[in-house]
Amino acid sequence: GIYVLVNSQGTSIGTIIFSLLPILLIGGLLFFMMRRSQGGINQAMMIGRSKAREVTESPEVRFDDVAGVDEAKQELMEIVEFLQTPEKFTKLGAKIPKGVLMVGLPGTGKTLISRAVAGEAGVPFFNTSGSEFVEMFVGVGASRVRDLFNKAKENAPSVIFIDEIDAIGRHRGSGVGGGHDEREQTLNQILVEMDGFDVNTNVIVIAATNRPDVLDPALIRPGRFDRQVVIDPPDVRGREAILNVHMEGKPIAANLDMKTLAKETAGFTGADLANLVNEAAILAARQSKTIIEYAEFEEAVDRVVAGPARKSRKVSEREKKLVAYHEAGHALVAAQLPDADPVHKVTIVARGATGGHTRMLPEEERNLWSKGQFEAMLAVMMGGHAAEEIVFGDVTTGASNDLEKATDVARKMVTEFGMSSELGPRTFSSGQQGQVFMGGALAQRQTHSDAIAHKIDTEISSLLGSARAKAQDVIEANMDRLQRLADKLIVQETLQGTELQDMLTGNISGGTQPAV
Ligand code: ADP
Ligand code: ZN
Ligand code: MG
-4 GIYVLVNSQG TSIGTIIFSL LPILLIGGLL FFMMRRSQGG INQAMMIGRS KAREVTESPE
56 VRFDDVAGVD EAKQELMEIV EFLQTPEKFT KLGAKIPKGV LMVGLPGTGK TLISRAVAGE
116 AGVPFFNTSG SEFVEMFVGV GASRVRDLFN KAKENAPSVI FIDEIDAIGR HRGSGVGGGH
176 DEREQTLNQI LVEMDGFDVN TNVIVIAATN RPDVLDPALI RPGRFDRQVV IDPPDVRGRE
236 AILNVHMEGK PIAANLDMKT LAKETAGFTG ADLANLVNEA AILAARQSKT IIEYAEFEEA
296 VDRVVAGPAR KSRKVSEREK KLVAYHEAGH ALVAAQLPDA DPVHKVTIVA RGATGGHTRM
356 LPEEERNLWS KGQFEAMLAV MMGGHAAEEI VFGDVTTGAS NDLEKATDVA RKMVTEFGMS
416 SELGPRTFSS GQQGQVFMGG ALAQRQTHSD AIAHKIDTEI SSLLGSARAK AQDVIEANMD
476 RLQRLADKLI VQETLQGTEL QDMLTGNISG GTQPAV
């Protein structure tokens, strides 16, 4: 199996942002499929008053604690000014905004930065969540909202934060989930409260969501949540800055290669990075070390990406050999194709459900992907499958995850990116997507005939077939290299750095000439 973090969000907000697209390409040979079961902790239900925290002091968090989101900070700086010196604006007849909608994936720091707004302004922060309002007893939500807004007004200037606003602010009548009446009444009460603010009410309502597309239009009308601040997952510089924030005060090795660590963590959110630093610290402590070194971070990245190492799992010699060739296949194809990302690490240490994995290092932050890059990526994904077949004359279930991901990428190329010459530059929606999270009933419908659907399938197969052939060509032209790589993996289990680069592209006698 090869893992690719393919756009997990569907359509992004505003511009089409590819930064969520296959950023991180990791191969992992799957021994068996596992789904982590969602822990079923039933939260005790509490009815009644607003659970918004009663604290009326201002939060300690400052903008300095939030890294890598400079644009969002700039926009919110203005809100801080409104809270601190409203006269400056009202004197000129300017209306102070009432609501700000914070849009971003989970873990990108929406809560953190909202808290920092209150912190910077030195005003109280009333924190609540949309899901708290959605309870069984009709009428409770609305009274809680009233309660919350009254408290905020008593303590003005202040900030009200409503997390997961989509839990109550869904497009009315969208028919997803229960508790419509309760939701509507809660939503209406929020709108009533916000409409009731007069020019002198110095309360800013900040709401957060990762589903702006399902929100009721009434919420984003002027005078309500009419300002949107989009928080994207951090780019490479942002990740380095966030890592620095979380490393502060920890005993980190002085020579730690921050640039590589930032590159390695493509696709990580702020929350992932905070977690990564913590994991590394725990790993260092377990070994009774006094400083945290690169090795701990490397292990922590592997854990986040593929799960903890499974030292106890019994692996037969044959299986080990198979995994070694499979991963060597991915790595070799990646190293030999100029359009593919460079290989960072190859390992046959089993983690989670995988028997091993190959990790690539995106050279640059990409906002645009070319067809050639996608084709190279597909070939890399096929590298494991091809190596298995060439060497063992047979394929295993280990490649199933690779194939699934590759098919996904190929489908996107054809149906979303207009990269098929047969079908031309247009998009096709499958009618299946979006059903899970569908906000409005009309969200996605098949926009094309069955004949076209057939053509799409043919095109996908053809892209995959070419990728498979390309992988096979590369491997067959480099059989000696594949063998040396696999042999070394069986002995050493993990290869990285210059040693790996030499094996992948150096000449076969051990030199460092790049192969042609
Ligand atoms: P969200 O509300 O978007 O789901 P949170 O604000 O709850 O995300 O982020 C969770 C944690 O992740 C924060 O408490 C912080 O430790 C870390 N974090 C997230 N984004 C950043 C960032 N931009 N800078 C520093 N830390 C961050
Ligand atoms: Zn694989
Ligand atoms: Mg949050």
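All residue numbers for the sequence shown refer to this note's numbering, where the first residue is -4 and numbers rise by one. Virtual Cβ for every residue (Gly too), placed ideally from N, Cα, C. As the structure is a prediction and not an experimental result, all values here were calculated from the model.
Here Thr123 is bridged, per DSSP, to Ile157. In this structure, DSSP gives Arg346 an extended state, which the three-state scheme calls strand.
By the beta-carbon neighbour count (other beta carbons within 10 angstroms, threshold 16), Gln487 is exposed. Restricting attention to Asn183, Val198, Ile185 and Asp59, the CA atom closest to the CA of Phe77 is found in Val198. Taking the C-beta atoms as reference points, Ala137 is found nearer than 7 Å to Gln184. DSSP lists no bridge partner for Met377.
Taken atom to atom, the span from the alpha-carbon of Arg219 to that of Ala213 is near 8 Å.
With distances taken between CA atoms, Ser153 lies nearest to Gln79 out of Ala203, Arg463 and Gln79.
The C-beta distance from Gly104 to Gly265 rounds to 4 Å, short enough to fall under 8 Å. Taking 7 Å as the cut-off, the beta carbon of Val209 is found no closer than this to the beta carbon of Arg178. DSSP lists Ala203 and Val224 as the beta-bridge partner residues of Met97. Judged by DSSP secondary structure, Leu490 falls within the beta strand (DSSP E) whose first and last residues are Thr489 to Gln491. Of all C-beta pairs linking the stretch 138 to 150 to the stretch 235 to 248, fewer than three are shorter than 8 Å, placing the two stretches out of contact. Note that the C-beta distance between Gly114 and Pro54 is below 7 Å.
Shortest Cα-Cα distance from Met253 to any of Phe292, Gln180, Met355 and His449 involves Phe292.
Residue state for Val118 is assigned as coil, using DSSP reduced to three classes. When Val390, Asp336 and Thr392 are compared, the shortest CA-CA separation from Leu373 is found for Asp336. The secondary-structure analysis by DSSP pairs Ile247 across a beta bridge with Ile287. When only Cα atoms are considered, Asp158 and Glu312 end up about 51 Å apart. About 6 Å separates the beta carbons of Lys450 and Glu417, which is inside the 8 Å limit, making them a contact pair.
Counting along the chain, the unbroken alpha helix (DSSP H) around Arg313 starts and ends at Glu312 to Gln331. Taking every protein chain shown into account, the CB of Glu188 has 16 or more other CB atoms within 10 angstroms, so this residue is buried. Of the residues assessed, Met376 falls on the buried side of the cut-off, its CB having 16 or more other CB atoms within 10 angstroms.
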